[in-house]
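**Student:** Supplied in structure tokens, the structure appears directly below.
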Amino acid sequence: MKKFLFVFFVLLMLIAPHFSTVNAEEYVIAGCGTAWLVSGVDITNITGLGTTIRSGTSSHQISITFDSSENYSEYYLKINSQGNSTITTDRVSANPITANRYSVTFIINDENALRAFSTTQARTFDVTFFAKRTYFDELCSIGSYTVRPAELDSINVNTPDKYCGTYKGDTFECRAVDGILYPSADHSLCDGSRNTNSQYECCSKGFLSLTQNICPSEPISGCGKLEGTSCKTEVGTYIWNYKTCNTDATICCSQDVVLPSTCTPAPTPTPVPTCGRLVEDKNPENNVCVFGTNPVTSGFVSCLKVGECCRQASQCTPVENGGGEEGGGGDDGNLEGGLTQGPTVAQFDALNPLKIGNKNNTASPHAVRLSTPGGIVTRFLQFAFPIAGLILFAMLSWAGFEILTGAANQKSLDAGKQRATAAIVGYLLLFASYWLMQIVEVVFGISVL
Numbered sequence: 010m011k012k013f014l015f016v017f018f019v020l021l022m023l024i025a026p027h028f029s030t031v032n033a034e035e036y037v038i039a040g041c042g043t044a045w046l047v048s049g050v051d052i053t054n055i056t057g058l059g060t061t062i063r064s065g066t067s068s069h070q071i072s073i074t075f076d077s078s079e080n081y082s083e084y085y086l087k088i089n090s091q092g093n094s095t096i097t098t099d100r101v102s103a104n105p106i107t108a109n110r111y112s113v114t115f116i117i118n119d120e121n122a123l124r125a126f127s128t129t130q131a132r133t134f135d136v137t138f139f140a141k142r143t144y145f146d147e148l149c150s151i152g153s154y155t156v157r158p159a160e161l162d163s164i165n166v167n168t169p170d171k172y173c174g175t176y177k178g179d180t181f182e183c184r185a186v187d188g189i190l191y192p193s194a195d196h197s198l199c200d201g202s203r204n205t206n207s208q209y210e211c212c213s214k215g216f217l218s219l220t221q222n223i224c225p226s227e228p229i230s231g232c233g234k235l236e237g238t239s240c241k242t243e244v245g246t247y248i249w250n251y252k253t254c255n256t257d258a259t260i261c262c263s264q265d266v267v268l269p270s271t272c273t274p275a276p277t278p279t280p281v282p283t284c285g286r287l288v289e290d291k292n293p294e295n296n297v298c299v300f301g302t303n304p305v306t307s308g309f310v311s312c313l314k315v316g317e318c319c320r321q322a323s324q325c326t327p328v329e330n331g332g333g334e335e336g337g338g339g340d341d342g343n344l345e346g347g348l349t350q351g352p353t354v355a356q357f358d359a360l361n362p363l364k365i366g367n368k369n370n371t372a373s374p375h376a377v378r379l380s381t382p383g384g385i386v387t388r389f390l391q392f393a394f395p396i397a398g399l400i401l402f403a404m405l406s407w408a409g410f411e412i413l414t415g416a417a418n419q420k421s422l423d424a425g426k427q428r429a430t431a432a433i434v435g436y437l438l439l440f441a442s443y444w445l446m447q448i449v450e451v452v453f454g455i456s457v458l
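Going by our numbering, the sequence shown opens with residue 10, and the numbers climb by one from there.
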């Protein structure tokens with residue numbers, strides 16, 4: 010028994026017809042329903058498929074011409090509608106045309122097969138051809154037809170702004186660019202791979218039914234605001250292949266549009282030097298002021314700072330005394346009020362060469378003593394006593410020589426004595442004057458030495 014069932018199923022598979030499918034645009038289907046030990050048909054022509062039927066039509070005719078070695082008793086069509094429900098036409102007989110060529114005509118007048126199940130979009134129905142045979146009736150799929158509601162006749166696919174726009178997530182509506190709102194049941198999102206370059210977020214289903222569910226993707230010209238990585242216009246369309254603004258990253262425009270002038274940063278002006286280098290001439294009227302690399306012979310003033318010239322006197326570098334520049338002093342000798350103020354004691358004191366003329370521009374250690382007459386005398390005596398000592402030594406040596414050589418000559422002997430006496434008395438007077446001045450300082454309380 011098991012062996013018999015196995016053989017039966019094998020034979021059943023062998024005699025099963027080979028089904029084939031075809032688009033509505035094709036009218037020749039060779040070997041439709043042909044299988045081992047089972048004759049099929051060769052369809053040569055189909056009319057009534059591949060065209061759109063307007064909703065409201067009372068009937069629709071589909072004619073099929075085919076070649077077959079056997080004329081079956083009945084032929085019929087099955088129409089797969091929305092919801093996977095199937096509508097079967099009336100069973101009709103074929104009319105012979107020539108030997109082995111027949112024609113069959115089906116009149117579709119079922120309301121469910123002639124109308125779309127939505128008033129906003131077209132619907133497509135698949136059609137399969139059948140013949141009454143011993144084993145399997147189904148021959149092959151012969152194509153499909155489309156039913157379009159009358160409302161779609163008013164849709165112009167060239168005006169997508171009426172049917173496409175932005176998606177409102179709070180109300181689940183599609184707001185067209187022209188302001189028309191399509192509820193969730195009447196629109197579809199443009200988020201498929203075929204719509205990656207669409208400038209819209211959503212479109213009405215009626216519009217998409219006429220464009221094979223493809224959202225418009227014509228390039229948009231203009232400017233908008235950058236939202237994330239998308240350039241969105243004020244009306245809600247999207248610009249692809251956009252360029253951004255240099256000064257405002259939120260502004261974006263299509264490639265064919267010139268960016269606003271505000272997107273081009275103003276060129277940084279080249280700074281004009283206010284002061285330069287003074288090139289002096291023997292004749293001051295021929296002086297030249299070089300501003301950067303531009304020498305001018307007029308329109309400038311010479312500054313107090315050596316080698317400086319400026320366009321205006323107020324632009325000159327202030328010069329301070331003690332700052333290493335000519336014509337000035339330190340804090341004590343600053344020429345307040347300009348050049349109209351005369352010199353002061355503080356200025357002369359600041360310019361004292363004993364204070365600023367030593368090595369490394371430091372003050373002399375004797376500057377304070379030499380600032381008074383007594384200090385000068387004291388400083389002089391420090392050198393006078395050694396010099397006087399040398400003179401005393403020389404005079405005494407000279408006098409001694411005269412005394413030795415003038416032993417036989419009274420005149421030479423007296424001259425030597427007088428010379429020695431004068432040298433000793435002079436040296437003592439030098440000491441006496443110094444001591445006298447110290448006594449005067451102590452007695453009268455004045456500072457001389």
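By construction, the Cβ of each residue, glycine as well, lies at the ideal position given by its N, Cα and C atoms.
Helix or strand or just coil, what does DSSP make of D76?
**Tutor:** Three-state result, D76: strand.
**Student:** Would you list, in sequence order, the uninterrupted beta strand (DSSP E) runs of no fewer than 3 residues that lie entirely inside the segment 215-293?
**Tutor:** Counting whole runs of 3 or more residues, the segment 215-293 contains the beta strand (DSSP E) stretches 232-236, 239-241, 251-253, 260-263 and 284-288.
**Student:** Which first and last residues belong to the alpha helix (DSSP H) in which F121 is found?
**Tutor:** It should be noted that the sequence gives Asn, not Phe, for residue 121. Element bounds for N121: E120 to L123.
**Student:** Three-state secondary structure (DSSP) at S421?
**Tutor:** Helix at S421.
**Student:** Are G245 and G201 closer than 9 angstroms when you measure CB to CB?
**Tutor:** Taking 9 angstroms as the Cβ cut-off, G245 and G201 do not qualify as a contacting pair.
**Student:** Do you know whose CA, among D179, S213 and I73, lies nearest Y191's CA?
**Tutor:** Ranking the options by Cα distance to Y191, first place goes to S213.
**Student:** Let's see if you can read the secondary structure: which residues bound the beta strand (DSSP E) around K87?
**Tutor:** Per DSSP, K87 belongs to the beta strand (DSSP E) from Y84 to N89.
**Student:** Nearest CA to the CA of K141: which residue from Q427, F309, F134 and L86?
**Tutor:** The option with the nearest alpha carbon to K141 is L86.
**Student:** Quick check on K314: buried or exposed, where buried means 16 or more other Cβ atoms within 10 Å of its Cβ?
**Tutor:** It is buried - the Cβ of K314 has at least 16 other Cβ atoms within 10 Å.
**Student:** How would you call A403, buried or exposed, if buried means at least 16 neighbouring beta carbons within 10 angstroms?
**Tutor:** Its Cβ having fewer than 16 others within 10 Å, A403 is exposed.
**Student:** Give a yes or no on whether the C-beta atoms belonging to I248 and T256 are separated by under 9 angstroms.
**Tutor:** It is not a contact, given that the beta carbons lie outside the stated cut-off.
**Student:** Using DSSP with H/G/I as helix, E/B as strand and the rest coil, what is Q70?
**Tutor:** Q70 falls in the strand class under three-state DSSP.
**Student:** What residue range is occupied by the uninterrupted beta strand (DSSP E) comprising L198?
**Tutor:** Segment H196 to L198, the beta strand (DSSP E) holding L198.
**Student:** Select from S193, A194, S239 and D195 the residue whose C-alpha is nearest the C-alpha of Y209.
**Tutor:** Here the closest residue by C-alpha is S239.
**Student:** Could you tell me which residues DSSP puts in a beta bridge with R203?
**Tutor:** Note: R203 sits in no beta bridge, so no partner.
**Student:** Ordered along the chain, which non-local residues of its own chain (more than five positions away) have a Cβ less than 6 angstroms from that of I106?
**Tutor:** S112, listed in sequence order.
**Student:** Helix or strand or just coil, what does DSSP make of D51?
**Tutor:** Strand, per DSSP.
**Student:** Contact between the segment 44-59 and the segment 153-169: three or more CB pairs below 8 angstroms?
**Tutor:** Segments in contact, yes.
**Student:** Pop quiz: A131 and I96 are said to be a contact at Cβ under 8 angstroms. What is the actual Cβ separation, rounded to whole angstroms?
**Tutor:** Not confirmed; about 18 angstroms, so no contact.
**Student:** Apply the 10 Å Cβ neighbour rule to S68 and answer buried if 16 or more other Cβ atoms are within range, or exposed otherwise.
**Tutor:** It is exposed - the Cβ of S68 has fewer than 16 other Cβ atoms within 10 Å.
**Student:** Using only CA atoms, which one of S207, R63 and G233 lies nearest to S226?
**Tutor:** If we check each option's Cα against that of S226, S207 comes out closest.
**Student:** For L439, collect the residues of the same chain with a Cβ closer than 8 angstroms to its Cβ; drop the 5 residues on either side in sequence, then sort them by chain order.
**Tutor:** Excluding sequence neighbours, L439 sits near A393, F394 and A397.
**Student:** Among E236, P274 and C224, which residue has its Cα nearest to the Cα of T168?
**Tutor:** For T168, the nearest C-alpha among the options comes from C224.
**Student:** Report all residues from its chain with a CB closer than 7 angstroms to the CB of T66; omit the five preceding and five following residues, and keep chain order.
**Tutor:** These residues qualify, in order along the chain: L123.
**Student:** Within 10 angstroms of its Cβ, does P158 collect 16 or more other Cβ (buried), or is it exposed?
**Tutor:** Its Cβ being crowded by 16 or more others within 10 Å, P158 is buried.
**Student:** Output the distance between the C-alpha atoms of C272 and T253, rounded to the nearest integer angstrom.
**Tutor:** So the two alpha carbons sit approximately 9 angstroms from each other.
**Student:** Helix, strand or coil, according to DSSP, for K141 in the structure here?
**Tutor:** Reduced to three states, the DSSP call for K141 is coil.
**Student:** Less than 9 angstroms between the C-beta atoms of G415 and A424, yes or no?
**Tutor:** Going by C-beta atoms, G415 is nearer than 9 angstroms to A424.
**Student:** Rounded to whole angstroms, how far is the Cβ of S102 from the Cβ of E79, which I believe are closer than 8 angstroms?
**Tutor:** Actually they are not in contact, since the Cβ atoms of S102 and E79 sit about 13 angstroms apart, beyond 8 angstroms.
**Student:** Of all the options G178, Y172, R203 and D195, which has the alpha carbon lying nearest to the alpha carbon of I189?
**Tutor:** Among G178, Y172, R203 and D195, the Cα nearest to that of I189 belongs to Y172.
**Student:** Of the residues C211, D265 and N222, which one's Cα is nearest the Cα of C232?
**Tutor:** Comparing Cα positions, the closest option is D265.
**Student:** Determine the burial state of A185: buried for a count of at least 16 other Cβ atoms within 10 Å of its Cβ, exposed for fewer.
**Tutor:** With 16 or more Cβ atoms within 10 Å of its Cβ, A185 is classed as buried.
**Student:** Please list the terminal residues of the continuous beta strand (DSSP E) segment that includes Y111.
**Tutor:** It spans R110 to I117 - the beta strand (DSSP E) in which Y111 sits, taken as one unbroken run.
**Student:** If you run the structure through DSSP and keep just helix, strand and coil, what is N104?
**Tutor:** Three-state result, N104: strand.
**Student:** Run through DSSP, which three-state label would K177 get?
**Tutor:** K177: strand per DSSP, three-state reduction.
**Student:** Please determine, among V434, L413, C298 and F410, the residue with the shortest C-alpha to C-alpha distance to L401.
**Tutor:** Out of V434, L413, C298 and F410, V434 has the C-alpha closest to the C-alpha of L401.
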